[in-house]
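**Student:** Can you read through this structure? Questions will come right after.
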Amino acid sequence: MKRIIALVLVSVTLAIALCGCGGDKTEGGSSKITIGIPQDLEDSLDPHEAVAAGTKEILFNIFEGLLKADSNGNLIPAVAKSYSVSEDALTYTFTLRENVKFHNGNTVTADDVVYSILRNADDGSGNALISAFLNIDSVNIEENDIVIKLKAPDPDFIQYMTLAIIPKDQSDAATNPIGTGPYKFVSRSPQENIILKRFDEYWGEKAYIEDVTLKICANADTIVMDLKGGSVDFFARITTAQALQLEGSNFEILEGTMNLVQAMYLNNAVKPFDDERVRQALSYAVDPDEIIDLSFDGKGTKIGSSMFPAFKKYYIPETADVYDVNIDKAKELLAEAGYADGFSFDITVPSNYQPHIDTAQVIVEQLKKIGVTANIKLIEWDSWLSDVYSGRDFEATVIGVDASTMTARAMLERFVSDSSKNFINFSDPEYDELIKKALNTYDDAEQTKLYKDAEWILTNKAANVYIQDLAQLVAINKDYTGYEFYPIYVLDIAKIRPAK
Amino acid sequence: MKYALKKTATMIITLFFVSVLVFFSFSLIPGNPAISKLGTEATPERIEALSHEMGLDKPVTQRFTEWIFGVIRGDFGKSYSYSQSVTSLLSDKIKTTLLLSFMAIIICTVISIPLGIFMARKSDSKLDIALSTINQIIMAVPSFFSGIILTLIFGVAFKLFTPGAYVSYKTNLLGCLGYLFFPALAIALPKISMVSKLLKDTVLKESEKEYVRTAYSRGNRTKAVFYGHVLGNALIPVITFMGMTFADIIAGSIIVEQVFSVPGLGRILLSSISGRDYPVIEAIILLLAFFVVLSNLIVDLLYHKFDPRIHV
Amino acid sequence: MDRTKKLKFIIGLSITGLIALMTIIGIVKTPYDPCAMDGAAKLAGISLKHPFGCDQFGRDILSRVLVGVRETMLISACVVFIGVFFGTVLGTITGYFGGWLDEILMRLNDAVLAFPSVLLALVVIGLYGSGRYQLIAALGIAFVPSFARIVRGEVLKIRNLDYIQAVRLYGASHLRIIVVHILPNLKTVLLSSIIIGFNNAVLAEAGMSYLGMGVAPPAPSLGRMLSEAQAYIFSNPLTAIFPGIVIVIMILGFSLLGDTVKKN
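In the order they appear, the protein sequences are chains A, B and C.
Numbered according to my numbering, the first sequence terminates at residue 503, and the numbering increases by one at each position without gaps.
Numbered according to my numbering, the second sequence terminates at residue 522, and the numbering increases by one at each position without gaps.
Numbered according to my numbering, the third sequence terminates at residue 279, and the numbering increases by one at each position without gaps.
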């Protein structure tokens, strides 16, 4: 008997002792980093096929276009050395940079560039992966130059030239990405990690850190544990509550903005939200400041239309003050609309994103004050995509909408009546007219004005109950430094470097 | 032998039923996985093209036959989300989860059997009462809660392991086993209580039996009687019970994997459910059902061998 | 009944009584509105005003626990009812009549039993949406086969008893035999399996809401409170401890009762 107990004790001690080797701690200043990401890239790794924002922000490190974005939101030359646009805005000429290498060792040729562009252009049946490329008339190679001719001028076209350049003869792009970026892809283990390695033949300034492990931290509730425990060195999107818990630890918290429009998006086609007064009443009742205080510890920027502050050129700060909390006014509007006794509706929220759930929880409380009962309905992200976004079968939803390219068009074109992305069924002839005009205006100042007018319409018609641009809190181990925020959704790993 | 054949046949029929249920219930679900995959960039044309690529435009029965024949060959199709074969996707995850489950079973066996014997021999002593009370309480702690408590004690307070710092068994087997010890313990704890209690009860019951009394009355008060006869017989129901809890242990590991951030089947199951990655969900369910049915079969056969009177 | 058994029964009964009391308080009136947020009381510790402290929104944890218990109890009750009702119907029919119907239903039963109930519910809810009613339906279905199997075994035993054979010879209809002679005899076995079922249902509900597949927030649920509290495990471990302990106590009560009922 004693022997058995002894055996148990030995095995337990042994097992516990073994755990000593469990923690794979990174040494300070060493050339590797573990970056936590909130979800796996359940996606194709082909840069042209990938759709999730989370995938694109990682692929940013692996791929480059002729041009790429810098942290100020400007486009800088990458695979192209320089470019010029003709007087009539129809011809774009890109000069290829010499000796840019793919991760497989091959040099980028003009053929690769043409292949990459045409892959996204008209497939012969009038469809294109990038709809703006339907406007391409021809792509030709002239010596070391790539010449793109458009059918009609498009002031936003240059933004699409960040399109990833890929080798023309690759067949397994979906699982084995090969690009020209500062990091090359090594492996991925689903729901576990993605491993990147510095690309030493990179044409530009090489990355600082050699080995990068992107660890999937799918359980948001254990992120603090991972950070404090030392299994993750960097996490780009922590919540304010998590940030508070990291106080006094070995982490620095950097604050930027998420660059998205968080709102309670209302289905403008269903009762009672088809009535402008009801939408305005909700806007008067919902207090973004209280939401920011309660759920986000005061971090976040209140907004009033479908544009966020980082787009300085298009952003109108005054829109945020149109609907200052006014319960009486809200009740009045409801009464006018025939809902003096209030009504009840569902707020559909994707279950995988806690900040939106937290926001919805506060909204429910705020709406009680005007006699409106809101019920939170949690659904899976995929059901959200198919039911709410594609199916438009919802009453209200709390979500953040961001811009896929650095253009006002990316934010505003979706609310045109017949847009396939207009999931809120917003319909306003004046708005449609403004956007149509803006898309065909090549003068920058004039175009900006048109977009701003459109933003005012969204505010005045209370298309949605606008809330905030969320604060982006980044936790970075003090052993590392150099992280830079971008106005678009990317995570630039190449800039991160050891602190010492 | 005939018994074994009959049982195996039943098992195959059960698995067939499972696969039919699984496949057709997924076909009834509203929503198109192609839309999920395309996300906010879905256009009618792209959805149609992708549906065709995924084979979703074929009739259900044809898809089922293709799928089932693939499964027999060990080919579960291609994951919608990851654009790679389900088999290659899951092979690591299965090993991780099985490793965790087996560790839980080993921990359970190593602790509960000596504990049960000890409690039986010291029956009704103060120590036994204390142990039984603790047992009763531990039995009521759900594994995810004991997981949190274990993290709090051993991870946060004593720093014996780094929460979340799972290392793959491929890179560092010892480190992996060391990390998995705590989740395995969380899964095993309630089972330890149950098994040791059951063993104590059966040992006591067995000791009351005529043959044991006879042996004792003949002056055979040695350990030989206990270990030779009593324990041998008392272990039969215990083995059955442990076989039956295998399903529980696997289910437990799916939840506990979440607490300890272990990238096993549980994680990939949850993510593929939310990603509507049907080929992956189908494969996981079928595999888990296979393990459960197989463990039941093994228990049945063992039981049959030990006690050939049972005819089911 | 020996002393320990008596003790177990008394403790089990008093815990279950306590849980019932908490359920009633949860239905009637909690100290605070369980969803009311108070920015000033965020993650407040234990005090006279808030005996269990407050959560990350400044909501009173005691009130949330009370309503959470109510929620868990109501869901578990519905789940067990579905399981018992359909399980009894299926088990009686298959056990009594036997034949090919029995064979098919039992294979189906085996197929469903081959998954752990949580897994089955997980898949159903993940795909059909989460919510109170979906959870009840999903767990209810998952609970049917085990009840069906128990009832069938018992019915098989009773069916072959001499007096049932005798009654049949007297020309009693099948329906009469089932209703008058078989169902009442299922009482004992059903009672203990109902208590065990309750035990499992509480566990399953807590597990499901821990995974975020239970009732929708802001409605409180014990499992979700636990998973949310995990984010504060370094600074406020107490937010995890209270809901956790309540779950443990609930299960403990049922298992103690179950133990004593089973053996009598």
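For glycine and all other residues, C-beta sits at the position ideal for the given N, C-alpha and C.
Residue 488 (chain B) to residue 362 (chain A), Cα distance in whole Å?
**Tutor:** Your numbering for residue 488 (chain B) matches position 278 in the second sequence. Your numbering for residue 362 (chain A) matches position 359 in the first sequence. Taking the straight line joining both Cα atoms gives about 32 Å.
**Student:** Helix, strand or coil: which one does DSSP assign to residue 105 (chain A)?
**Tutor:** Within the first sequence, residue 105 (chain A) is the residue found at index 102, counting from 1. It is coil, neither helix nor strand.
**Student:** Starting from the Cα of residue 156 (chain C), find the closest Cα among C:112, C:71, C:199 and C:91 and give me that residue.
**Tutor:** On the third sequence, residue 156 (chain C) is found 141 positions in, with the first residue counted as 1. Nearest option by C-alpha distance: C:91.
**Student:** DSSP beta-bridge partners for residue 526 (chain A)?
**Tutor:** Chain A is shown from 4 up to 503; residue 526 (chain A) falls before or after that span and cannot be answered.
**Student:** Here's a check: name, in chain order, each residue in its chain whose Cβ is nearer than 8 Å to the Cβ of residue 324 (chain A), leaving out the five neighbours to either side.
**Tutor:** Against the first sequence, residue 324 (chain A) aligns to sequence position 321. 307, listed in sequence order.
**Student:** Closer than 7 Å by beta-carbon distance: list the chain B residues that pair up with residue 125 (chain C), in chain order.
**Tutor:** As a first step, residue 125 (chain C) must be located in the third sequence, where it is residue number 110. Within chain B, the residues near residue 125 (chain C) are 224.
**Student:** So for residue 345 (chain A), helix, strand or coil by DSSP?
**Tutor:** If you number the first sequence from 1, residue 345 (chain A) lands on position 342. Residue 345 (chain A): coil per DSSP, three-state reduction.
**Student:** In terms of residue numbering, what span does the alpha helix (DSSP H) encompassing residue 213 (chain B) cover?
**Tutor:** As a first step, residue 213 (chain B) must be located in the second sequence, where it is residue number 3. First-last of the alpha helix (DSSP H) with residue 213 (chain B): 212 to 238.
**Student:** Output the distance between the C-alpha atoms of residue 394 (chain B) and residue 462 (chain B), rounded to the nearest integer angstrom.
**Tutor:** Within the second sequence, numbered from 1, the residue matching residue 394 (chain B) stands at position 184. Within the second sequence, numbered from 1, the residue matching residue 462 (chain B) stands at position 252. Near 10 Å, if we compare the C-alpha coordinates of residue 462 (chain B) and residue 394 (chain B).
**Student:** In whole angstroms, give me the CA-to-CA distance for residue 280 (chain A) and residue 291 (chain A).
**Tutor:** Here residue 280 (chain A) is taken as the residue at index 277 of the first sequence, counted from 1. Here residue 291 (chain A) is taken as the residue at index 288 of the first sequence, counted from 1. Residue 280 (chain A) and residue 291 (chain A): Cα-Cα distance of roughly 19 Å.
**Student:** If we cut at 8 Å on Cβ distances, does residue 212 (chain C) have a partner in chain A?
**Tutor:** By one-based count along the third sequence, residue 212 (chain C) stands at place 197. Residue 212 (chain C) does not count as touching chain A.
**Student:** Helix, strand or coil for residue 219 (chain A)? Go by DSSP, reduced to three states.
**Tutor:** In the first sequence, residue 219 (chain A) corresponds to position 216, counting from 1. If DSSP states are grouped into helix, strand and coil, residue 219 (chain A) belongs with the strands.
**Student:** So which residues of chain A does residue 292 (chain B) contact, with C-beta pairs closer than 7 Å?
**Tutor:** Against the second sequence, residue 292 (chain B) aligns to sequence position 82. Within 7 Å Cβ-Cβ: 45 and 193.
**Student:** Excluding the 5 residues preceding and the 5 following residue 77 (chain C) in the sequence, name in chain order all residues of the same chain whose CB lies nearer than 7 Å to its CB.
**Tutor:** Mapped onto the third sequence, residue 77 (chain C) falls at position 62. Closer than 7 Å at Cβ, skipping near neighbours: 46, 65, 66 and 67.
**Student:** Judging by CA-CA distance, which residue of A:238, A:143, A:145 and A:103 is the nearest neighbour of residue 475 (chain A)?
**Tutor:** Here residue 475 (chain A) refers to the residue found at position 472 when the first sequence is read from its first residue. The residue with the shortest Cα to Cα distance from residue 475 (chain A) is A:238.
**Student:** Please report the residue range of the alpha helix (DSSP H) in which residue 401 (chain B) lies.
**Tutor:** Locating residue 401 (chain B) in the second sequence gives position 191, counting from the first residue. 383 to 417 is the extent of the alpha helix (DSSP H) around residue 401 (chain B).
**Student:** Quick check: is the beta carbon of residue 478 (chain B) nearer than 8 Å to any beta carbon in chain A?
**Tutor:** For the purposes of this step, residue 478 (chain B) is identified with residue 268 of the second sequence, where counting begins at 1. So, interface residue.
**Student:** Consider the Cβ of residue 144 (chain C): report whether some Cβ of chain A lies at a distance smaller than 8 Å.
**Tutor:** For the purposes of this step, residue 144 (chain C) is identified with residue 129 of the third sequence, where counting begins at 1. Taking Cβ atoms only, chain A reaches closer than 8 Å to residue 144 (chain C), which makes this a yes.
**Student:** Restricting to Cα atoms, I'd like to know which of B:352, B:321 and B:329 is closest to residue 267 (chain C).
**Tutor:** Locating residue 267 (chain C) in the third sequence gives position 252, where the first residue counts as 1. Of the candidates B:352, B:321 and B:329, the one whose C-alpha sits nearest the C-alpha of residue 267 (chain C) is B:352.
**Student:** Which of the three DSSP states is assigned to residue 69 (chain C) in this structure?
**Tutor:** For the purposes of this step, residue 69 (chain C) is identified with residue 54 of the third sequence, where counting begins at 1. Here residue 69 (chain C) sits in strand by DSSP.
**Student:** Please name the residues in the region 124 to 154 of chain A whose beta-carbon is closer than 7 Å to at least one beta-carbon of chain B, in chain order.
**Tutor:** Listed in sequence order: 130.
**Student:** Residue 122 (chain C) CB to nearest chain B CB: under 8 Å?
**Tutor:** Residue mapping note: residue 122 (chain C) aligns to position 107 of the third sequence, counting from 1. Yes - at least one Cβ of chain B is within 8 Å of the one on residue 122 (chain C).
**Student:** Can you give, in chain order, each stretch of the alpha helix (DSSP H) that sits fully within the region 311 to 343 of chain A and has at least 4 residues?
**Tutor:** The region 311 to 343 of chain A contains these whole alpha helix (DSSP H) runs: 330 to 339.
**Student:** Any heavy atom of the ligand ADP closer than 7 Å to the beta-carbon of residue 151 (chain A)?
**Tutor:** With respect to small molecules bound, the structure shown includes none, and the ligand ADP cannot be examined in it.
**Student:** Using a Cβ cut-off of 9 Å, pull out every chain A residue sitting near residue 240 (chain C), in sequence order please.
**Tutor:** For the purposes of this step, residue 240 (chain C) is identified with residue 225 of the third sequence, where counting begins at 1. Chain A residues near residue 240 (chain C): none, gap ~11 Å exceeds 9 Å.
**Student:** Of all the options B:389, B:468, B:354 and B:439, which has the alpha carbon lying nearest to the alpha carbon of residue 258 (chain C)?
**Tutor:** As a first step, residue 258 (chain C) must be located in the third sequence, where it is residue number 243. The option with the nearest alpha carbon to residue 258 (chain C) is B:354.
**Student:** Would you list the one or two residues that DSSP bridges to residue 478 (chain A)?
**Tutor:** Position 475 of the first sequence, counted from the start, is the residue given in the question as residue 478 (chain A). In DSSP, residue 478 (chain A) forms a bridge with A:238 and A:256.
**Student:** For residue 22 (chain A), which three-state DSSP category applies?
**Tutor:** On the first sequence, residue 22 (chain A) is found 19 positions in, with the first residue counted as 1. Reliability of the predicted coordinates at residue 22 (chain A) is poor, the pLDDT of 43 falling under 50, and the value obtained from them is presented with this limitation in mind. Note: residue 22 (chain A) maps to helix in three-state DSSP.
**Student:** From which residue to which residue does the beta strand (DSSP E) around residue 84 (chain A) run?
**Tutor:** Taking the first residue of the first sequence as 1, we reach residue 84 (chain A) at position 81. Per DSSP, residue 84 (chain A) belongs to the beta strand (DSSP E) from 83 to 88.
**Student:** Pairing CB atoms from the region 226 to 236 of chain C with CB atoms from the region 109 to 126 of chain C, are three or more of them under 8 Å?
**Tutor:** No contact exists between the region 226 to 236 of chain C and the region 109 to 126 of chain C.
**Student:** Could one say the Cβ of residue 354 (chain B) lies closer than 8 Å to chain C's Cβ atoms, at least one of them?
**Tutor:** To locate residue 354 (chain B), count along the second sequence from 1; it is residue 144. Chain C contact via Cβ: present.
**Student:** Answer yes or no: does any C-beta atom of chain C fall closer than 8 Å to that of residue 382 (chain A)?
**Tutor:** Locating residue 382 (chain A) in the first sequence gives position 379, counting from the first residue. Chain C, which has a Cβ nearer than 8 Å to the Cβ of residue 382 (chain A), makes this yes.
**Student:** Would you report the Cα separation of residue 120 (chain C) and residue 102 (chain C), rounded to the nearest angstrom?
**Tutor:** Position 105 of the third sequence, counted from the first residue, corresponds to residue 120 (chain C). Position 87 of the third sequence, counted from the first residue, corresponds to residue 102 (chain C). Cα to Cα, the separation comes out at about 11 Å.
**Student:** Would residue 272 (chain B) be called buried (16 or more neighbouring beta carbons within 10 Å of its own) or exposed?
**Tutor:** One-based indexing of the second sequence puts residue 272 (chain B) at position 62. Under this definition residue 272 (chain B) is an exposed residue.
**Student:** In terms of residues, what are the limits of the alpha helix (DSSP H) holding residue 298 (chain A)?
**Tutor:** In the first sequence, the residue the question calls residue 298 (chain A) occupies position 295. Run containing residue 298 (chain A): 291 to 299, per the alpha helix (DSSP H) assignment.
**Student:** When you compare the CB positions of residue 50 (chain C) and residue 58 (chain C), do they come within less than 8 Å of one another, or not?
**Tutor:** Along the third sequence, one-based indexing puts residue 50 (chain C) at 35. Along the third sequence, one-based indexing puts residue 58 (chain C) at 43. For residue 50 (chain C) and residue 58 (chain C), no; Cβs fall outside 8 Å.
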